[in-house]
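Working notes for the structure below.
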Amino acid sequence: MKAGFVNIFGKPNAGKSTLLNALMGEKLAIVSSKVQTTRHRIKGILSTANYQIIFSDTPGIIDPKYKLHQKMMQAVKSALEDADLALLLVDVRDDRQEVDGIFTALRLKVPAFVLINKTDKVTPEKVAEATAFFADKKYAKKVLLISALKGLGIPDLLKEIIAFLPEGEPFYAEDEISDLPEKFFVAELVRGRLYSLFEDEIPYQTTVIVPEFKQKSTLVKIRAEIVVQRESQKAIILGEGGKMIKQIGSSARIEIEKFLEQKVFLELFVKVRANWRENDLYLKEYGY
Ligand code: GDP
Ligand code: MG
Numbered sequence: 059m060k061a062g063f064v065n066i067f068g069k070p071n072a073g074k075s076t077l078l079n080a081l082m083g084e085k086l087a088i089v090s091s092k093v094q095t096t097r098h099r100i101k102g103i104l105s106t107a108n109y110q111i112i113f114s115d116t117p118g119i120i121d122p123k124y125k126l127h128q129k130m131m132q133a134v135k136s137a138l139e140d141a142d143l144a145l146l147l148v149d150v151r152d153d154r155q156e157v158d159g160i161f162t163a164l165r166l167k168v169p170a171f172v173l174i175n176k177t178d179k180v181t182p183e184k185v186a187e188a189t190a191f192f193a194d195k196k197y198a199k200k201v202l203l204i205s206a207l208k209g210l211g212i213p214d215l216l217k218e219i220i221a222f223l224p225e226g227e228p229f230y231a232e233d234e235i236s237d238l239p240e241k242f243f244v245a246e247l248v249r250g251r252l253y254s255l256f257e258d259e260i261p262y263q264t265t266v267i268v269p270e271f272k273q274k275s276t277l278v279k280i281r282a283e284i285v286v287q288r289e290s291q292k293a294i295i296l297g298e299g300g301k302m303i304k305q306i307g308s309s310a311r312i313e314i315e316k317f318l319e320q321k322v323f324l325e326l327f328v329k330v331r332a333n334w335r336e337n338d339l340y341l342k343e344y345g346y
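When we follow our numbering, the leftmost residue of the sequence shown carries the number 59, and every step to the right adds one.
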């Protein structure tokens with residue numbers, strides 16, 4: 059039996075969520091072409107009779123411009139310390155020098171594979187160039203070629219990951235895996251609705267929290283709060299006569315029911331809390 063922790067790192071849009079989904083074979087993280095959808099570490103646990111892999115998808119590595127971003131950088135760094143293996147994901151079309159700079163700056167203490175992703179998007183020559191560039195980097199135990207979206211190289215990657223895992227008993231029991239942070243996924247599903255319904259500014263300046271998640275006999279009662287910074291944003295999210303929030307609520311409920319595979323009663327609220335990005339207290343409260 060092998061068991062261990064694997065963290066996925068990479069710039070925004072490198073394909074971390076897509077890779078996690080490909081590895082898990084399930085829609086666990088929300089995939090968006092926009093950056094910063096994944097603010098938290100998402101854990102996916104792949105468990106079989108022979109191995110258990112605990113995956114984390116970290117927030118994108120970005121400039122610590124806001125306090126929020128600094129927290130995210132800290133989260134990335136601390137994630138490094140408790141993994142058996144890091145997967146450093148690169149979009150094959152990325153600026154290689156820049157990516158190398160980021161990976162070097164992380165000063166990895168754990169072994170790492172460099173995964174060259176989106177190989178379906180470029181010629182084999184371009185793939186070979188990227189492979190050669192990363193092959194001799196100190197942090198790269200291996201360089202592997204994948205297409206997370208098309209599922210290319212994923213079985214091979216899985217084999218290599220398992221080879222690197224320590225021998226040991228599973229960390230999580232089967233029944234624990236099934237009720238992992240459901241609140242978090244519910245919040246992400248609501249956030250996903252915001253991404254699909256609104257332009258850039260609204261989703262970026264918004265967070266979703268789930269203060270209540272109660273299992274009743276025939277359904278789950280969930281209270282979710284969309285937290286915005288300004289009254290004007292609240293008005294946009296509510297929409298005329300509450301039309302918008304109703305639409306968010308009913309589409310989110312359908313998604314959540316699919317995810318939880320049971321009936322859901324969803325209460326959705328919009329709250330204004332000015333400058334939550336800059337305020338440590340709020341950051342703590344919302345779990346960053
Ligand atoms: P993250 O920000 O690192 O989590 O990146 P995402 O997983 O959200 O992916 C960003 C975008 O790249 C999405 O539109 C994905 O569909 C796309 N993408 C990810 N992997 C691949 C791939 O292997 N090939 C192609 N063509 N697109 C990909
Ligand atoms: Mg992501």
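Ideal placement from N, C-alpha and C gives every residue a C-beta, glycine not left out.
This structure is a prediction, so every number in the text was calculated from the model and none was measured.
- Scanning L166, E187, V180 for the CA closest to the CA of R154 turns up E187.
- Remark: the C-beta of K60 is outside contact range of ligand 1, defined as less than 6 Å to any heavy atom.
- The Cβ atoms of F222 and L277 lie no closer than 7 Å to each other.
- Taking 6 Å as the cut-off, one finds at least one heavy atom of ligand 1 near enough to the beta carbon of T76.
- Here DSSP, grouped into helix, strand and coil, assigns V168 to coil.
- Shown here, T276 sits in coil according to DSSP, grouped into three states, outside any helix or strand.
- Given a length threshold of 3 residues, each whole run of the beta strand (DSSP E) inside the region 188-236 is given here in chain order: 200-203.
- For ligand 1, no non-hydrogen atom lies closer than 6 Å to the CB of A231.
- Across the structure, V172 and I112 are spaced so that their CA atoms are roughly 18 Å apart.
- Taking the Cα positions, L81 is about 14 Å away from L147.
- For V244, the secondary structure class from DSSP, reduced to helix, strand or coil, is helix.
- By the Cβ neighbour-count rule, F243 is buried, with 16 or more other Cβ atoms within 10 Å of its own.
- In the same chain as P182, and ignoring 5 residues on each side of it, no C-beta atom comes closer than 8 Å to its own.
- The Cβ atoms of Q287 and Q320 do not sit closer than 7 Å to each other.
- Within the same chain, Cβ atoms closer than 6 Å to the Cβ of I212 are found at A80, the five residues on either side in sequence being excluded.
- Within the model, the alpha-carbon separation for L252 versus I267 is close to 13 Å.
- Using a cutoff of 6 Å, the CB of G73 counts as near ligand 1, since one of the ligand's heavy atoms is closer than that.
- For G159, no beta strand (DSSP E) encloses it; the enclosing alpha helix (DSSP H) starts and ends at 154-163.
- For the 7 Å CB-CB criterion, Y230 and I103 form a contact.
- Boundaries cannot be given for G73, as no alpha helix (DSSP H) includes it and DSSP labels it neither H nor E.
- Beta-bridge pairing by DSSP links Q110 to A61, S105.
- For A141, there is no enclosing alpha helix (DSSP H), as DSSP gives it neither H nor E.
- In the three-state reduction of the DSSP assignment, N79 falls in the helix class.
- Sixteen is the threshold: since fewer than 16 other Cβ atoms of the shown chains lie within 10 Å of the Cβ of E289, the residue is exposed.
- Here N108 has no same chain residue with a Cβ atom under 6 Å from its own Cβ, once five neighbours each way along the sequence are excluded.
- Counting C-beta atoms within 10 angstroms of its own C-beta, K329 has fewer than 16 neighbours from the protein chains shown and is therefore classed as exposed.
- DSSP places R281 in the strand class (E or B) of the three-state scheme.
- Not one heavy atom of ligand 1 is found less than 6 Å from the C-beta of G226.
- N65 has its CB no nearer than 6 Å to any heavy atom of ligand 1.
- Between the beta-carbon of G73 and that of A206 there is about 4 Å, and that keeps the pair under the 8 Å contact cut.
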